[in-house]
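Taking it in order: structure first as C-alpha cells, then the write-up.
Residue numbers (the working numbering), protein chains in the order written: chain A, 1 to 191; chain B, 1001 to 1191.
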C-alpha cells in the first residue's frame, strides 16, 4: 500500500488542486474518495455507481445569455447520494461525515432519506451507509437497517460508535480504489 | 412562467391537471406521464424509480443572500433520465419523443448515454428505452440492446418504426398508472 503525505493520491491532487488544505479538512475527503473509488469500479467493470446531483431549484433563466441560470437555490436531497448497479442488483447508499468522537448524530439524516432507504430495502435493493468519524480517522460501512431501527425504535438522537464497530465493517483506505467498499458489500450481503 | 431548455418545469408533474390541451400538446406529455407512473409504482410499493435531476454547473453562489445561486448553466445528461429498483434488480432507462412518423433519429441519443447503457447491460441491469412517436400517438418500450446495435453496427442515422413494432412492445396509456411500462418490463425480461 502506498501512503502519500496527507493521505492523498496524486490523482486526487489533480482533481482537488484548488482545495485549500487547512485544519478543517486535514483528513480524507469522504465524498471525493468515494467518487474516485466509483471511477475505479467503473473502469474495472466491477460496478456502475453514480452520484446524484444536488437538486437545484431554478428560478430564473436568461435566454439572451444562452440559457444562463441567473437565480436558483440548492434543495435538500430527498433520496440518497449514490445509487447504481452491482452484480445485477440495485445498490443505494448515503455517505456521511461526523466530527463527533463517540457517536453519530441522527440529525445528519433526513426523514425523507430514511423513508427512501426503507423503501429500497423492501424492494430487495441493497442499502447502507458509509459513515466517517473524521476525528478518529475511521470509516464504517453499515447496513441501512441498523440506522433505520435506531431512527424509528430507539428514539435516540445519536448512534454510539460501538454500534458501528459491532454491526458495521471498518473500511481501510488504500491506493486504488481509495475505499474498497464493495468488498464490505460482498461480505455484508454474502454476494 | 419560467422556460426550461426541454420545455418542462420541475413541478410540472404536480400541476399537470391544470395543463391546457391545445394543438401543440394534444398528445401525452411523455415525461410527465412517466413521472406520474413512477409515483403510482412507489405508492403501490411495486418499484422505486427516480428521475435524475438535469445536471447544473454552478458558477457563482452569493452567500450574503443565503447561498443563492447567481450564475449557473445546464449541462448535458451523460447518463440516462431514470433509474431505480424493481424486484431487487437495477433498472435504467431513457425516455425520448420524436415528431418523426417513420423512424426514430439517433441524434436524439448521446454517445455517453449509449456507453452508459451498454455498461449497465454488462453489469446485469435491465435497460431500455421508452420512445414516443408523438405524431402517431404511439409509445414503445424497447430493450437498449436494439438501440445500441443500431448505433454501433448499422451506422444508420435513424431506426425505422418497423423495428419498434417488431422488437419492442407498444405501451397503452391508461388512467392509473398512466403508462404501465413495468408490465412490458416483466414480459421483456421474463420476471
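Beta carbons are placed, not taken as given, at the ideal position from N, Cα and C, and that holds for glycine.
With a threshold of 7 Å between beta carbons, residue 145(A) makes no contact with chain B.
Look at residue 88(A): its C-beta is under 7 Å from a C-beta on chain B. With respect to residue 1179(B), residue 1185(B) sits apart: the two C-beta atoms are not nearer than 7 Å.
Listed along chain A are 53, each with a C-beta nearer than 8 Å to that of residue 1055(B). Counting other Cβ atoms within 10 Å of its Cβ, residue 66(A) stays below 16 and is therefore classed as exposed.
Taken atom to atom, the span from the alpha-carbon of residue 1176(B) to that of residue 1040(B) is near 7 Å.
Under DSSP, residue 97(A) shares a beta bridge with 132(A). For residue 1114(B), the three-state secondary structure derived from DSSP is helix. Under the 7 Å criterion on CB atoms, residue 142(A) is classed as non-interfacial with respect to chain B. Any Cβ of chain A closer than 7 Å to the Cβ of residue 1188(B) would place that residue at the interface, and such an atom is absent. Under the three-state reduction of DSSP output, residue 1047(B) falls in the strand class. Nearest CB-CB separation between residue 1120(B) and chain A: below the 7 Å threshold. If you draw a 10 Å sphere on the C-beta of residue 1116(B), you find 16 or more other C-beta atoms in it, and that means buried. The segment 1116 to 1134 of chain B makes contact with the segment 1087 to 1100 of chain B, as at least three CB pairs between them are under 8 Å. Distance from the CA atom of residue 38(A) to the CA atom of residue 128(A), rounded to whole angstroms, is 16 Å.
Beta-bridge pairing by DSSP links residue 1160(B) to 1103(B). Within its own chain, the residues whose Cβ lies closer than 6 Å to the Cβ of residue 36(A), once the five positions on either side in sequence are excluded, are 178, listed in chain order. Interface flag for residue 1184(B) against chain A is unset, since no Cβ pair is found closer than 7 Å.
According to DSSP, residue pairing for residue 85(A) in a beta bridge involves 48(A) and 90(A).
No Cβ of chain A is located within less than 7 Å of the beta carbon of residue 1117(B). Looking at the DSSP output, residue 1179(B) bridges to 1173(B). For residue 1068(B), the nearest beta carbon of chain A is closer than 7 Å to its own beta carbon. Closest in C-alpha terms to residue 73(A), from the list 1068(B), 1077(B) and 1074(B), comes 1068(B).
For residue 1072(B), the enclosing beta strand (DSSP E) begins and ends at 1068 to 1074.
At least one CB of chain B lies nearer than 7 Å to the CB of residue 72(A).
Spanning the alpha carbons of residue 1113(B) and residue 137(A) requires a straight line of approximately 38 Å.
Rounded to whole angstroms, residue 48(A) and residue 1190(B) show a C-alpha spacing of 24 Å. Residue contact check for residue 85(A) against chain B: a CB pair falls below 7 Å.
Assigned with DSSP and collapsed to three states, residue 1148(B) falls in helix.
Beta-bridge analysis with DSSP links residue 1057(B) to 1073(B).
Take the alpha-carbon of residue 126(A) and the one of residue 79(A): they are about 14 Å apart. Taking 7 Å as the CB threshold, residue 1028(B) stays off the interface with chain A.
The C-alpha of residue 1139(B) lies about 39 Å from the C-alpha of residue 143(A).
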